[in-house]
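Letter 105 of the sequence shown, counting from 1, is numbered 1008 in the working numbering, and no numbers are missing.
We put the beta carbon where it would ideally sit given N, CA and C, even for glycine.
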Amino acid sequence: MIQFFQVSKRYPGGQTALDRVSFDIARGQFVFLTGASGAGKTSLLRLIFREDVPSEGQILVNGRNVSSIPPQKIPYLRRTIGVVFQDFRLISRKTVFENVTYLPRILGTDLTSQKKLAYQALRRVGLAHRLNAFPLELSGGEQQRVAIARALIHEPEILIADEPTGNLDPELSWDILRLFLEVNLRGTTVLLATHDREMIQRVGRRVLTLDAGRLILDQELQGIDPPRLEAPAEALEPPGPPVLEAAPEAGA
Ligand SMILES: Nc1ncnc2c1ncn2[C@@H]1O[C@H](COP(=O)(O)OP(=O)(O)OP(=O)(O)O)[C@@H](O)[C@H]1O
Ligand SMILES: [Mg+2]
C-alpha cells in the first residue's frame, strides 16, 4: 500500500534528510515511525502525501508513483491520504464545520453532502455537537480531534500523523492514540510519527526507526500494556439525530 524503494531526500544546501530508505507497508497495518529529532520523520511523511518529492528513488501509494501525479490531481491523492499534524493546523476564524469540510469544498462537493460528511467524521471523534464552535473555543485535545475528523472526512485508506500528540498532556495523548488505533481497527492503514518511546512500548505494533536519514530498524514490538479497544469509534457514540441545520454556509 505504501512502498519506498531506495528513497533519498536532499534539501537545497546539501542537507541529506533521507538516505536510501526502503520499506513496504501493507493495507490495514498500524506503523509507528520514530527516531531522534532531525532523523527525517517529517521529511519521509511529506513525501507520501506529495508535499515534497524525493531526490532519488521511488514511492508507490496504492501502486501509483506519487512523484508523477500532476499538481492539479493532488487534492484527489489527499482523498486517499488523510494527514494530521502536531500543531493541528486549524483555521481559527473558521468554524469546526468549515475546517473539517476544507477538502470536500476544494473538490466541489455540494453543501448537503458536506454537512453529511462533516457530521459523520465529527461523530467518529466524539465532537458532532461542536460543529459551530471556533477552534479557540475548544481544548487542545478537542482541536486535535477536529484535525483528525478533517483528515478522516473522505474515509481515507491511509492516515498519516506527524507527532499528533506532541503538544498534548499524557492523558490526552493516550486518548488520541486510542482514536488512531480505533480508526485502524476499521481498516485504515495508519502511519504515525512520534518520538514518544514510552507510548510505542506500551502499545506495541510495527516500528520503523530512522537515524540520520537511514532506516536502521524495522521491528514488530509486543506492547507491554496495550489498550483494550472495545469497538470501532463509531459504535462508542450514542445514536442521536444529526444536528446539521445549524451548520453555517461554507463561505469559500
Ligand atoms: N525544508 C528544509 N530545508 C532544508 N533542510 C531541511 C528541511 N526540512 C528538514 N530539513 C533537514 O532535514 C533533516 C530531517 O528533518 P525532519 O524535519 O525530517 O526531521 P524529524 O525527524 O521530523 O525531526 P523532529 O522530530 O524534530 O520533527 C534535518 O536535518 C533538517 O534540518
Ligand atoms: Mg518532524
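Between Gln-975 and chain B, is there a C-beta pair that is closer than 8 Å?
-> The structure shown contains no chain B, having only a single protein chain.
Whose C-beta lies closer than 6 Å to the C-beta of Glu-1101 among residues of the same chain, with five residues either side of it excluded?
-> none
Provide the residue(s) that pair with Leu-1118 in DSSP beta bridges, ordered along the chain.
-> Leu-1113
Beta-carbon gap between Arg-1109 and Asp-1128 smaller than 8 Å = no
Lys-912 beta carbon near ligand 2 (any heavy atom closer than 7 Å) | Every heavy atom of ligand 2 is 7 Å or more from the Cβ of Lys-912, so no.
Using 7 Å as the cut-off, classify the Cβ of Lys-1018 as near or not near the heavy atoms of ligand 1, replying yes or no.
-> no
Measure the CB-CB distance between Phe-1000 and Leu-1034 and report whether it falls below 8 Å.
-> yes
How is Glu-1101 classed by DSSP in three states: helix, strand or coil?
-> DSSP, reduced to helix, strand and coil, places Glu-1101 within a helical segment of the structure shown.
Measuring alpha carbon to alpha carbon, tell me which of Ala-1054, Asp-955, Phe-988 and Glu-959 ends up nearest Ile-972.
-> Asp-955
Who's in the neighbourhood of ligand 2, going by beta-carbon under 7 Å from any heavy atom, listed in chain order?
-> Lys-944, Thr-945, Asp-1065, Glu-1066 and Ala-1096
Candidates Ser-958, Val-1086 and Gly-1044: closest to Pro-915 by CA position = Ser-958
Just to confirm, are Arg-1048 and Leu-1030 a CB contact at a threshold of 8 Å?
-> yes
Asn-1087 by DSSP, collapsed to three states: which one?
-> The answer is helix: DSSP assigns Asn-1087 an H, G or I state.
For Glu-1066, three-class secondary structure by DSSP | coil
Pick out the complete alpha helix (DSSP H) segments inside the stretch 983-1064, 4 residues or longer, and give them in chain order.
-> 999-1003, 1005-1009, 1014-1027 and 1043-1055
Straight-line CA distance for Ala-1149 to Ala-1096?
-> Confidence at Ala-1149 is low in this model, with a pLDDT of 45, below 50, so the placement of that residue should be treated as unreliable; the coordinate-derived value is given next. So the two alpha carbons sit approximately 36 Å from each other.
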